[in-house]
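Going by the numbering used here, 238 is the number at position 225 of the sequence shown; the sequence numbering is gapless. Each residue gets a CB set at the ideal place from its N, CA and C atoms; glycine is no exception. Let me begin by presenting the structure, written as structure tokens, before commenting on it.
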Amino acid sequence: LARLASLHQERQRLVRVRAPERGPSCTMVKHNNIIPNQHFHKKWQRRVKVPFGQAAQKKARRMKRVAKAAAMAPRPTQLLRPAVHCPTQRYSAKVRLGRGFTLEELKAAGISPKMARTIGISVDKRRVNKSEESLNANVERLQAYKEKLVLFPRRTAQPKKGDATAEEVAAATEQYVGDILPLEAKDTEVEYAEVTDEMKSFGARSTLRVARNDHKLIGKRISIAKKAEQS
């Protein structure tokens, strides 16, 4: 019996030693997750883009700009752009160059939209003027551009009205590069004034409320006045 007991203990020891250890791969996953099934044979090296040609592309773009400017010389490299205000109340005080002049601005300056596109003026038929100040400012830009414009005749033997003379054509040999009529920075000095009693008594909120109400009810008041006159 002692011999059998020792053999049984030896067998149990061998079984415990030879039993495989249960690692992470043998444990069951928790929760309702996807079964791990990674694929590492997609050859990602073929899909990697490295910007080694960035300097060469920069040089190529510059050479294209130079070639384009030489092909269109002595015309300017850019179009005349309007002065517009940035959108939203936060940036509306900032003035920058816009996309193109409106049809109303071109009409006030005496230029047709079809003609404007042929003499280096950008046109934007979607933009709408909402103030007289911006309209007048862009009309002045167009008039200043017309004064400085040297319009080459298509046929030198048969010049049309508004075309430049032979002397002006011979003198216009230098090509203008950069923004045409760039915007000038305005002075940002703050003006101080004394606060009067009239300023203190003025109610901005009530004034705006009354003006908004008058604009809303102007139609009804006109109809009421017409009915009163007819009766």
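1. Return the Cβ separation of residue 155 and residue 122 in integer angstroms, given the expectation that the two are a contact with Cβ distance under 8 Å.
2. Beta carbon of residue 111, beta carbon of residue 140: below 8 Å?
3. Could you tell me the distance, in whole angstroms, from the CA atom of residue 46 to the CA atom of residue 59?
4. Counting along the chain, where does the alpha helix (DSSP H) carrying residue 184 start and finish?
5. Out of curiosity, what's the CA-to-CA distance linking residue 238 and residue 216?
6. Within the same chain, show all residues whose beta-carbon is closer than 6 Å to that of residue 142, passing over the 5 residues directly before and after it, in chain order.
7. Any contact between the segment 188-199 and the segment 92-107? By contact I mean 3 or more CB pairs, one from each, below 8 Å.
8. What is the DSSP secondary structure of residue 224, reduced to helix, strand or coil?
9. Please state whether DSSP places residue 230 in a helix, a strand or coil.
10. For the alpha helix (DSSP H) containing residue 69, list its first residue and its last residue.
11. Should residue 151 go down as buried or exposed, given a rule of 16 or more other Cβ atoms within 10 Å for buried?
12. Distance check for residue 88 and residue 73, CA to CA, integer angstroms please.
13. Pick out whichever of 230, 188, 197, 242 has its Cα sitting closest to the Cα of residue 82.
14. Using only CA atoms, which one of 109, 160, 214 lies nearest to residue 132?
So, from the listed chains and residues:
1. Confirmed, about 4 Å.
2. Note that the C-beta distance between residue 111 and residue 140 is below 8 Å.
3. Between residue 46 and residue 59, the C-alpha separation is close to 31 Å.
4. Going by DSSP, residue 184 is part of the alpha helix (DSSP H) stretching over 179-184.
5. The straight-line gap from Cα to Cα measures roughly 30 Å.
6. Excluding sequence neighbours, residue 142 sits near 115, 117, 148.
7. The answer is yes - the segment 92-107 touches the segment 188-199, with three or more Cβ pairs under 8 Å.
8. Correct three-state label for residue 224: helix.
9. It is helical.
10. Per DSSP, the unbroken alpha helix (DSSP H) holding residue 69 starts and ends at 67-85.
11. In summary, residue 151 is buried, with 16 or more beta-carbon neighbours lying within 10 Å of its beta-carbon over all protein chains present.
12. When rounded, the distance between both Cα atoms is 22 Å.
13. That would be 188, whose Cα lies nearest to the Cα of residue 82.
14. If we check each option's Cα against that of residue 132, 160 comes out closest.
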